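Asker: First the structure, then my questions, so here it is.
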Amino acid sequence: MIAGRHSGFAWRLEIGAAWLLAVLWLAPLLYAFWAAFHPPEYATRFDLLAPLTLENFREAWSQAPFARYFLNTFMLVSTILLAQFVLCTLAAYAFVRFEFRGRDIVFALVLVQLMIMPEILIVENYRTMSRIGTVDTILGIGLPYMASAFGIFLLRQTFKTIPRELEDAARIEGCNMMQVLWKVYVPLARPTYVAYGLVSVSYHWNNFLWPLIITNSVETRPLTVGLAIFGAPESGVDWSIITAGTLLAVAPLLLAFLLFQRQFVQSFMHAGIK
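When we follow this note's numbering, the leftmost residue of the sequence shown carries the number 23, and every step to the right adds one.
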């Protein structure tokens with residue numbers, strides 16, 4: 023009986039802690055919604071009868087080139103994701119199905135990248151981008167991230183679970199190496215691609231430090247850098263307009279999650295590392 027009481031108390035404590043963490047996590051977002059949809063005088067005064075307005079969004083959109091920032095971010099995220107899918111797929115397939123001298127050592131070196139924070143390589147990456155002439159370009163922002171150790175590792179683990187008999191059957195049907203990869207491995211690893219794609223898109227959509235250093239003009243700045251410049255104290259923009267600009271920046275990811283949250287969860291569950 024005592025053990026049952028203790029377990030019930032522990033369960034209620036866990037639920038309470040989970041709700042507390044959820045409220046703490048949502049509090050900044052809820053405040054941003056409040057300030058963005060109300061006049062500036064209500065930004066720090068919570069009045070249930072306060073009037074709603076969209077003027078803050080109109081002001082934010084007119085005071086900064088958000089259309090250009092959205093285009094730059096979409097081009098950046100799409101380019102990085104496409105390159106990662108191609109490079110990580112080829113590398114993972116090679117590590118799984120090809121025998122070559124030093125394979126395990128090479129794979130261990132790939133995994134070392136997971137232990138290195140990207141910020142450590144910023145200076146060297148900038149030197150490299152400067153040498154090849156890609157400073158202040160979309161390509162220059164994306165190049166350091168196109169070969170992802172995490173993506174290679176995740177796809178390698180998935181490819182290892184695919185029976186070799188399926189590959190043998192495809193070869194009997196006359197498929198060459200690339201056809202086997204495209205028609206057997208890639209379709210069976212679709213949940214992993216979706217899960218990894220979500221991680222990659224969300225990370226690079228929100229990435230800030232490297233784009234801030236490598237970009238110098240509106241033509242290449244992504245949303246995060248543009249939003250930081252837009253909300254700088256010297257710009258004189260009030261808090262309601264800043265929160266409206268912030269919601270404009272996070273709206274695509276937030277809307278995608280709300281619409282496809284079930285598919286997101288299922289993809290991560292099916293892409294579990296085995």
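Even glycine gets a Cβ: it sits at the ideal position worked out from N, Cα and C. Being a predicted model, the structure only gives us computed values, none of them experimental.
Tell me whether Thr183 is buried or exposed, calling it buried when 16 or more other Cβ atoms sit within 10 Å of its Cβ.
Answerer: Exposed is the call here.
Asker: Less than 8 Å between the C-beta atoms of Gln85 and Met168, yes or no?
Answerer: No. Outside cutoff.
Asker: Quick check on the burial criterion: 16 or more other C-beta atoms within 10 angstroms. Buried or exposed for Pro233?
Answerer: With 16 or more other Cβ atoms within 10 Å, it is buried.
Asker: What three-state label does DSSP hand Leu35 in the structure shown?
Answerer: Leu35 falls in the helix class under three-state DSSP.
Asker: Ala211 to Leu275, Cα distance in whole Å?
Answerer: Cα to Cα, the separation comes out at about 24 Å.
Asker: Helix, strand or coil: which one does DSSP assign to Pro140?
Answerer: Pro140: helix per DSSP, three-state reduction.
Asker: Since Leu74 contacts Phe96 with CB under 8 Å, what's their CB separation in whole angstroms?
Answerer: Actually they do not touch by this definition, with Cβ atoms about 29 Å apart.
Asker: Look at Ile163 and Ile251 and say whether their C-beta atoms are less than 8 Å apart.
Answerer: Result no, Cβ atoms of Ile163 and Ile251 do not sit closer than 8 Å.
Asker: Comparing C-alpha positions only, which one of Pro166, Thr111, Ala49 and Glu36 sits nearest to Gly219?
Answerer: Comparing Cα-Cα distances from Gly219 to each of Pro166, Thr111, Ala49 and Glu36, the minimum goes to Thr111.
Asker: Is it true that the CB of Phe68 sits closer than 8 Å to the CB of Leu133?
Answerer: Contact: no.
Asker: Have a look at Ala65 and Leu51 and give me their C-alpha separation to the nearest angstrom.
Answerer: In a straight line, the C-alpha of Ala65 is about 13 Å away from that of Leu51.
Asker: Please classify Ile264: is it buried, with 16 or more other beta-carbons within 10 angstroms of its beta-carbon, or exposed?
Answerer: Buried: at least 16 other Cβ atoms inside 10 Å.
Asker: Leu48 by DSSP, collapsed to three states: which one?
Answerer: Note: Leu48 maps to helix in three-state DSSP.
Asker: For the alpha helix (DSSP H) containing Gly253, list its first residue and its last residue.
Answerer: No alpha helix (DSSP H) holds Gly253; DSSP gives it neither H nor E.
Asker: Between the C-alpha atoms of Ile295 and Leu103, what's the straight-line distance to the nearest angstrom?
Answerer: Residue placement at Ile295 is poorly supported in this model, since its pLDDT is 48, which falls under 50; the coordinates still yield a value, given next. Each residue's alpha carbon lies about 21 Å from the other.
Asker: Report the rounded CA-to-CA distance for Leu70 versus Ala273, giving the unit in angstroms.
Answerer: So the two alpha carbons sit approximately 24 Å from each other.
Asker: Grab the span of the alpha helix (DSSP H) containing Glu81 for me, first residue to last.
Answerer: Where Glu81 is concerned, the enclosing alpha helix (DSSP H) stretches over Glu77 to Gln85.
Asker: Using three-state DSSP, classify Cys110 as helix, strand or coil.
Answerer: Cys110: helix per DSSP, three-state reduction.
Asker: Helix, strand or coil for Pro62 per DSSP?
Answerer: Correct three-state label for Pro62: helix.
Asker: Quick one: give me the first and last residue of the alpha helix (DSSP H) that Ala192 is part of.
Answerer: Residues Arg186 to Ile194.
Asker: Below 8 Å on the Cβ atoms is my guess for Val206 versus Ala192; work out the distance and round it to an integer in Å.
Answerer: Contact holds; Cβ gap of about 5 Å.
Asker: I need the straight-line Cα distance from Gly124 to Ala130, nearest angstrom please.
Answerer: So the two alpha carbons sit approximately 10 Å from each other.
Asker: Reducing DSSP to helix, strand and coil, say where Leu71 ends up.
Answerer: Coil at Leu71, not helix or strand.
Asker: Would you mind stating whether Ala82 and Leu245 have Cβ atoms separated by less than 8 Å?
Answerer: Cβ atoms of Ala82 and Leu245: not closer than 8 Å.
Asker: What are the boundary residues of the alpha helix (DSSP H) that Thr214 is part of?
Answerer: Looking at the DSSP string, the run of the alpha helix (DSSP H) that includes Thr214 is Arg212 to Asn228.
Asker: What distance in whole Å lies between the Cβ atoms of Ala171 and Gln135, which are believed to be in contact at a cut-off of 8 Å?
Answerer: Contact holds; Cβ gap of about 4 Å.
Asker: Going by beta carbon distance, what residues of the same chain come within less than 6 Å of Val99, once the five residues before and after it are set aside?
Answerer: Here the set comprises Val223, His226 and Trp227.
Asker: For Ala89 versus Thr268, is the C-beta distance shorter than 8 Å?
Answerer: Contact: no.
Asker: Taking 8 Å as the threshold (C-beta atoms), are Pro62 and Ser262 in contact?
Answerer: Yes, the pair counts as a contact, with Cβ atoms nearer than the cut-off.
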